[in-house]
Amino acid sequence: MPPRSRSSAPAAPRPPSPADVLGRVTLVTGKEEFLNERTVVGVRAAVRKHDAEAEFSDAAAADLTMATLGEMAAPSLFSTTRCVVVRALENLPEESVAGLLEYAAAPAEDVALVLVHGGGQKGTGTLAKLRKVASVTEVKSAELKAHELPRFVAAEVRSAGGSIDEEAAEVLVQAVGNDLRSLAAAADQLVSDFTGRRIGTAEVGRYFGGRAEATSFAVADHAFFGRQARALEELRWALDTGTAAVLVTSAFASSARGLARFVSAPRGMREADLAREVGVPPWKLRTLRDQSRGWDDQALRDAIRAVARADSEVKGAGGDVAYSLERLVLTIAGLRGR
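According to UniProt numbering, the residues represented by the sequence shown are 1 to 338, in order.
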């Protein structure tokens, strides 16, 4: 039987069963520490479900020998079921590789062995050998790209028993940032506090609307729609609540790039292909399509220059940061439909 492999992102995988982990080796690979740890927790939960008296142990691969592995995997007076987690597999001593492969080829029936490799090139030879062993299941936690984060949020919400709009998931990412642990915690909080309700932008805004990144994008969105008064209102509120000026110019730069890519994209593309071409989630195309109706190539070039000027000023080339940002808002809003 060939070795098994599955991915742990962006969609949340089904929890492993005792049969998936006992008498087998779970190989966890990738740089996403949060997803790696979630896999470890899932294996432990499966073992505990099988035997509430099971014993658990952790070890660093750098200290692993066949003797120590044998001790951790051996049954005790209290339980024959064990879960052994070996971390930082990339640091496994060369002299221990053969012994580990020998164990992996014939793992103990009541033992769940988890090997965690933190990514990178170190130790890839050992990984290649383990992947050929039939009793090894690999769980890959690939680093998520920015456009995958809203799907990660949606998967987290679903796994917690809730549902969320695409736009709300994107707003949550803008508000919380790219840290998966923080996004997972935010998703769990929203499901808990809005039980039985589909989560939309209003619900996200109630808890996270004051986050700097979300506020900055709100200013930029209103400005590129030509909503001068609303953009200025959002800007003043953002500055009053301590939002860094560089976050505002960064949001304007991101909006300008997205709009420019949308306007210059080939006509007649499928929505999914267009989203990939522009580099945004599919739902964002609706916003860009509406915004683009008031923009032409020259106006976009002027907008990009205005953003670059404001960014330079807030980073030290100018004096009054608030004035620079207000002028940016007025310039961008005035360029739409010019």
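Here a beta-carbon is modelled for each residue, glycine too, at the ideal position from N, C-alpha and C.
Requested in this report: Name the two residues that bound the continuous beta strand (DSSP E) containing residue 225.
Outcome: Per DSSP, residue 225 belongs to no beta strand (DSSP E) and is neither H nor E.
Report task. Can you say whether residue 323 is buried or exposed, counting buried as having 16 or more other CB atoms within 10 angstroms of its CB? Result -> exposed
Query raised in the report: So what does residue 56 bridge to, in DSSP terms?
Result: Per DSSP, the beta-bridge partners of residue 56 are 83.
Query raised in the report: In whole angstroms, what separates the C-alpha of residue 149 from that of residue 62?
Result: 33 Å
**Report entry** Cut-off 8 Å between Cβ atoms - residues of its own chain near residue 33, not counting five sequence neighbours on either side
**Finding:** 118
Query raised in the report: What is the DSSP secondary structure of residue 115, counted as helix, strand or coil?
Result: Strand.
Requested in this report: Kindly indicate the opening and closing residues of the alpha helix (DSSP H) around residue 201.
Outcome: 201–208
**Report entry** residue 143 (DSSP reduced to helix, strand or coil)
**Finding:** coil
Query raised in the report: Is the Cβ of residue 57 closer than 8 Å to any Cβ of chain C?
Result: No chain C appears in the structure shown, which is made up of a single protein chain.
Report task. Measure the beta-carbon distance from residue 223 to residue 85 and round it to whole angstroms, keeping in mind my assumption that it falls under 8 Å. Result -> Actually they do not touch by this definition, with Cβ atoms about 50 Å apart.
**Report entry** residue 171 versus residue 201 - alpha carbon distance
**Finding:** 7 Å
Query - Limits of the unbroken alpha helix (DSSP H) element including residue 331 - result: 321–335
Query raised in the report: CA-CA distance, residue 191 and residue 181?
Result: Their backbone Cα atoms lie some 16 Å apart in a straight line.
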